[in-house]
Amino acid sequence: SSASSTPPQQRTSTPLPLRVLNQLLWSDSERVYLDYGALPELFTLSVDYIGDVIAHLDVVVAGYLREHAPADNKFTIFLLSNRTLTMRQFGLYLKKFIIDLAVRFKSRYPEQLTECHIFHAPYFLRAIHDILKSFIGREMCKKIILHSPKDSVARLARFAIKNPPAQQHNTN
C-alpha cells in the first residue's frame with residue numbers, strides 16, 4: 001500500500017442485529033426487497049450500518065439465487081418505502097448508501113441484476129441517478145428504475161406485493 005493511501009476507518013458501533021437486517025431485507029419467490037424508509041434514521045445512528053446493510057444484501061441475494069432464481073440466474077430488487085423521503089432525510093448517508101449499493105451491484109452482480117426499482121423515489125434522486133453513471137456506467141444505470149411517489153402505489157399494486165415482512169413490523 002502506498003504512503004498516500006488512507007487507513008481503513010475503524011468501526012464505531014456494534015453490528016446491526018440480524019432481526020433488524022431481516023426487517024430491512026428479504027426475498028420471496030419473485031424478487032429481493034429492501035425497505036429503505038428506515039435507513040436515514042439508522043444511518044444517523046452509525047455510518048457503519050451502511051456496510052452492514054450492504055453485506056446482508058449479499059446474503060439475501062445469494063439465498064434468493066440459490067432458492068428461487070430462474071435458469072438464467074438473474075434477480076430483480078425492489079427498494080420500497082411507505083413514505084417519500086425529504087431532502088433532509090435523504091442527507092449525506094442515504095446518498096452514500098445508494099452509491100455504495102450501485103457500485104456493489106456493478107462489481108458483484110453485473111449480469112445477474114435485471115432491474116432495481118426504487119419506489120417513492122424523491123424528485124432529487126434523479127440527480128443522484130445521473131451521478132451514478134460515472135460510478136457504474138450507462139448500462140448498469142439503465143437497470144435502475146425510479147418510480148415517483150405519484151405512480152408508486154399503482155405500480156406496486158400491479159406487482160401484487162402482499163404483506164412484506166419488513167412492513168408487518170411497522171406500528172405507524
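This note's numbering numbers the first residue of the sequence shown as 1 and each following residue consecutively.
Ideal Cβ positions, reconstructed from N, Cα and C, are used throughout, including at glycine.
These numbers come from a predicted model, not from an experiment.
For the alpha helix (DSSP H) that residue i lies in, which residues bound it at each end?
| i | result |
| --- | --- |
| Glu111 | That residue, Glu111, is in no alpha helix (DSSP H); it is neither H nor E in DSSP. |
| Leu85 | From DSSP, Leu85 is part of no alpha helix (DSSP H); its letter is neither H nor E. |
| Phe135 | 125-136 |
When every heavy atom of the ligand ATP is checked, does at least one fall within less than 7 Å of the C-beta of residue i?
| i | result |
| --- | --- |
| Ile77 | No copy of the ligand ATP occurs in the structure displayed, which carries no ligand at all. |
Tell me where the beta strand (DSSP E) around residue i begins and ends.
| i | result |
| --- | --- |
| Ser27 | 25-27 |
| Leu175 | The requested residue 175 is not part of the displayed model; the chain covers only 1 to 172. |
| Tyr49 | Segment 48-67 is the alpha helix (DSSP H) holding Tyr49; no beta strand (DSSP E) there. |
What is the rounded straight-line gap between the Cα of residue i and the Cα of residue j?
| i | j | result |
| --- | --- | --- |
| Phe75 | Ala127 | 25 Å |
| Thr14 | Leu45 | 11 Å |
| Phe135 | Ser29 | 30 Å |
| Asn175 | Asp58 | The displayed coordinates of the chain run from 1 to 172. Any statement about residue 175 would go beyond what the structure contains. |
| Ala157 | Lys142 | 23 Å |
Under the rule that 16 or more other beta-carbon atoms within 10 Å means buried, what is residue i, buried or exposed?
| i | result |
| --- | --- |
| Asp35 | buried |
| Ala102 | buried |
| Ser5 | Residue confidence is low: Ser5 scores 48 on pLDDT, short of 50, so the model does not pin down where it sits. Its coordinate-derived value is still stated next. So Ser5 counts as exposed. |
| Ile131 | exposed |
| Asp52 | buried |
| Ser152 | buried |
| Gln168 | With a pLDDT of 43 at Gln168, under the threshold of 50, the modelled position of this residue cannot be trusted; read the value that follows with caution. Counting Cβ neighbours within 10 Å, Gln168 comes out exposed, since fewer than 16 surround it. |
| Leu18 | exposed |
| Ala121 | buried |
| Ser107 | exposed |
| Phe119 | buried |
Please list, in chain order, all residues of the same chain as residue i whose beta carbon is under 7 Å from its beta carbon, the five residues on each side excluded.
| i | result |
| --- | --- |
| Phe43 | Tyr49, Ile50, Tyr93, Leu94, Phe97 |
| Thr12 | Ser46, Asp48 |
| Arg31 | Phe75, Thr76, Ile77, Phe78 |
Under the DSSP definition of a beta bridge, which residues are partnered with residue i?
| i | result |
| --- | --- |
| His117 | Phe78, Ile145 |
| Asp35 | Leu80 |
Can you name, in chain order, every residue of its own chain whose Cβ lies under 6 Å from the Cβ of residue i, other than the five neighbours on each side?
| i | result |
| --- | --- |
| Arg104 | Ile54 |
| Gly178 | The question about residue 178 has no answer here: the residues shown for the chain are numbered 1 through 172. |
Excluding five sequence neighbours on each side, which residues of the same chain lie with their C-beta closer than 8 Å to the C-beta of residue i?
| i | result |
| --- | --- |
| Phe124 | Met87, Phe90 |
| Ile145 | Glu115, Cys116, His117, Ile118 |
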